Amino acid sequence: MKTFDDVVKFHGHSCPGLAFGYRVAVAAVKELNMENISEDEEVVAIVENDLCAVDAIQVLTGCTFGKGNLIFKDYGKQVYTFMKRPSGDAIRISIDFTLPEETEEEKEMWKRYSEGDRSEDVLKAVHNRKAKKMKAILDASDSELLKITRFRISLPPEARIYPSIRCEMCGEKMAEPKARVKDGRIVCIPCFES
Ligand SMILES: [Zn+2]
Ligand SMILES: [Zn+2]
């Protein structure tokens, strides 16, 4: 399995959000036995936010937008659902974790940082605060961190590749289900809305 370092490399920095995503992804890979997935199987991930954590999900599970097996729902929740096609084996993982209480000094340093203070003391304190949070997340047990529900669903058939057709206004091609009709002409969404 890919490590937290692999995830940091992909994401470009290490942060608590990424650590959360890593823990979710590790649990998902284990629970759905994703490492032994066959060629005829596929995992689909539904993520309910589009923050740092999702990069960890992509690296560990291989679910990406480009492949069409990463679906984003803009609910602002730390909830991740994974399902296996065609079996329909699925898990829903929600993060429910209380980070360690911050000390008065940490709060003060964070306040100074958010007001633009970049002095050495402040930077060091802010860095340590972040490292402490990440360590707490990476060290916590699954049960302290995650609520995992297993279920089984019947999945819709795999996303089809649609024929492309040409917009009669701008002349560019689009996937057929995205075509709209405007003044009797078949057009793309940007032309339809303009
Ligand atoms: Zn991040
Ligand atoms: Zn157009």
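For the sequence shown, the numbering used here assigns the number 536 to the initial residue and increments by one for each residue that follows. Positions of the beta carbon are idealized from the N, C-alpha and C atoms, including for glycine. Quick caveat: nothing in here was measured; it's all calculated off a predicted structure.
I'd like to know if residue i contacts chain D, where contact means its C-beta is closer than 9 Å to some C-beta of that chain.
| i | result |
| --- | --- |
| L553 | This model lacks chain D altogether; it includes just one protein chain. |
Just to confirm, is the Cβ distance from residue i to residue j under 9 Å?
| i | j | result |
| --- | --- | --- |
| L567 | D631 | no |
| A660 | E636 | no |
| L673 | A560 | no |
| I688 | M618 | yes |
| R558 | D677 | yes |
| V542 | V582 | no |
| C702 | A714 | yes |
| F545 | D585 | no |
Please name the residue, chosen from the options, that lies closest to residue i on a Cα-to-Cα basis.
| i | options | result |
| --- | --- | --- |
| I606 | A580, E655, G706 | A580 |
| I628 | A675, S549, G556, Y697 | G556 |
| A675 | L634, Y610, H662, C587 | L634 |
| K602 | G623, E577, E583 | E577 |
| G623 | A714, R685, K713, P725 | R685 |
| K682 | Q613, R664, V716, A666 | Q613 |
Just checking residue i against ligand 2 - is the residue's beta carbon closer than 8 Å to any of the ligand's heavy atoms?
| i | result |
| --- | --- |
| P712 | no |
| V561 | no |
| G623 | no |
| P551 | no |
| P635 | no |
| G603 | no |
| G719 | no |
| V722 | yes |
| E707 | yes |
| T698 | The question names Thr, but residue 698 in the sequence shown is Pro. The answer is no for P698. |
How about residue i: is its Cβ closer than 8 Å to a heavy atom in ligand 1?
| i | result |
| --- | --- |
| C598 | no |
| C702 | no |
| C587 | yes |
| H548 | yes |
Between residue i and residue j, which are expected to be in contact by the criterion C-beta below 8 Å, what is the C-beta distance as a whole number of angstroms?
| i | j | result |
| --- | --- | --- |
| E711 | Y697 | 5 Å |
| T596 | A563 | 6 Å |
| M669 | P551 | 5 Å |
| I592 | Y610 | Not a contact, Cβ separation roughly 15 Å. |
| M536 | E574 | Between E574 and M536 the Cβ distance is about 19 Å, and since that is not below 8 Å, they are no contact. |
Check your understanding: Can you list, in chain order, the stretches of the beta strand (DSSP E) that have 3 or more residues and sit fully within the segment 539-623?
Key -> 577-582, 605-607, 614-620
Exercise for review: Identify every run of the beta strand (DSSP E) within the segment 654-722, keeping only runs that are complete inside it and at least 3 residues long; order them along the chain.
Suggested key: 681-687, 699-701, 708-710, 715-717, 720-722
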